Amino acid sequence: MREFAYHRAGEVAEALAAAAGGARYLAGGTNLVDLMKHGVETPARLVDVRFLPLRGIRETPGGDLVIGATTTNSDLAAHPEVRRRYPALSQAVLAGASGQLRNMATVGGNLMQRTRCAYFADLSEPCNKRVPGSGCAAVAGAHHNHAVLGRSPHCAATHASDMAVALAAFDATVRFETAEGAGEIPLARFYPPVGDTPERETALPPGALITEVVLPGAAISPGSRYRKVRERASYAFATVSIAAHLEVQRGSVRGVRIALGGVASHPWRARTAEVFLLDGPATAGRFRAAAEAELSAAAPLPGNAYKVTLARNLIAAVLEEIAG
2 MREFAYHRAG EVAEALAAAA GGARYLAGGT NLVDLMKHGV ETPARLVDVR FLPLRGIRET
62 PGGDLVIGAT TTNSDLAAHP EVRRRYPALS QAVLAGASGQ LRNMATVGGN LMQRTRCAYF
122 ADLSEPCNKR VPGSGCAAVA GAHHNHAVLG RSPHCAATHA SDMAVALAAF DATVRFETAE
182 GAGEIPLARF YPPVGDTPER ETALPPGALI TEVVLPGAAI SPGSRYRKVR ERASYAFATV
242 SIAAHLEVQR GSVRGVRIAL GGVASHPWRA RTAEVFLLDG PATAGRFRAA AEAELSAAAP
302 LPGNAYKVTL ARNLIAAVLE EIAG
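Printed below as a string of structure tokens:
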């Protein structure tokens, strides 16, 4: 690991000033420090934001739930209101990493984590996300666990977060601070399409610091589910995952939210399937047809076409479980 300067910030304004010039923010460090060890990340300065007054979860008068960016993943998953209102979020967090890592990892850091594509972490291989214009080794290499939706010829990597998939299903908003002032981005726009610029992983302005994540009261879903298919029983990233909410009245779908993980460079909101299902019959055949409609846009590589079948079956199975 290369030498770097370290600054522990006590206030948001102090953190923003210390980060000017290209420093990186450090919270739990469960992803960033590993990448520094590999030589993928080489910041000259780290600004420790873990001790900023951004920890905790509170309810607004309007019924939204506001999650501080330095709240640990463990505290998020265990919070009574998260478990009651948004159980898929709690389930998603508990499906990720290990207990020790969840105790360190933070909500803001989780959103900023980078892909686990092996070529991204291997400095001897080309990677457009790491070195723009160098190429994508995964397209012709080992890509069995790579993207099947929304990928481009320049990058086939998937996003690693479980938490972000559930947040996408609940229409969360990310709030941030910059030296110019505060801002917010809906999670639906937080991760740009990979396109020709896979190195651009978020829509945050340069130097921005995530301060809060807001879950809207309108998205409360006590019956929501998160299901994760992975290659081993624990401590593995998703092959395919789903966060889903379904409201059924008199046999018809009156509300539906579906987000997929492990299939794209960002949490994939299944809008086509949602539109297909809304106000239609809540039947197994309808669920499968909605999954087929969503995955009609899939463009798998030769080694990961199985993900299309897996995602289709997972969508149908989870919706049947909720409806049943």
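Taken in order, the sequence shown gives residues 2 to 325; the numbers are from the working numbering.
Don't be surprised by glycine CBs; every beta carbon is placed ideally from N, CA and C.
Since the model is a prediction, treat every value here as computed from it, not as a measurement.
Under the three-state reduction of DSSP, Gly40 is assigned to coil, being neither helix nor strand.
In the assembly as shown, His144 is a buried residue. Its beta-carbon has 16 or more other beta-carbons within 10 Å. Secondary structure remark: continuous beta strand (DSSP E) runs of at least 3 residues inside the stretch 212 to 295, in chain order: 226 to 230, 241 to 250, 253 to 262. CA-to-CA, the gap between Tyr26 and Val215 works out to about 21 Å. The straight-line gap separating the alpha-carbon atoms of Val195 and Lys130 is approximately 9 Å. Remark: C-beta atoms of Ile259 and Glu275 approach each other more closely than 8 Å.
Phe238 sits away from Arg51, with the two beta carbons spaced by 8 Å or more.
Between Ser135 and Pro301, the alpha-carbon positions lie close to 22 Å from each other. Exclusion of the five residues before and after Asn74 leaves Val94, Arg103, Ala106 as the residues of its chain whose Cβ lies within less than 6 Å of its Cβ. For Arg85, the uninterrupted alpha helix (DSSP H) run begins and ends at 81 to 86, by DSSP.
Bounds of the beta strand (DSSP E) holding Gly69 are 66 to 69.
Between Ser242 and Val254, the CB-CB gap reaches or exceeds 8 Å.
Distances from the CA of Ser222 to each of Leu90, Ala265, Gly304 were compared; the closest alpha carbon is that of Leu90. In this chain, the alpha helix (DSSP H) harbouring Val309 covers 307 to 324. For the pair Ala180 and Gln250, the Cα-to-Cα distance works out to about 48 Å. For Val166, the enclosing alpha helix (DSSP H) has its first and last residue at 164 to 170. According to the DSSP assignment, Val175 belongs to the beta strand (DSSP E) that extends over 174 to 179. Shown here, Arg201 sits in coil according to DSSP, grouped into three states, outside any helix or strand.
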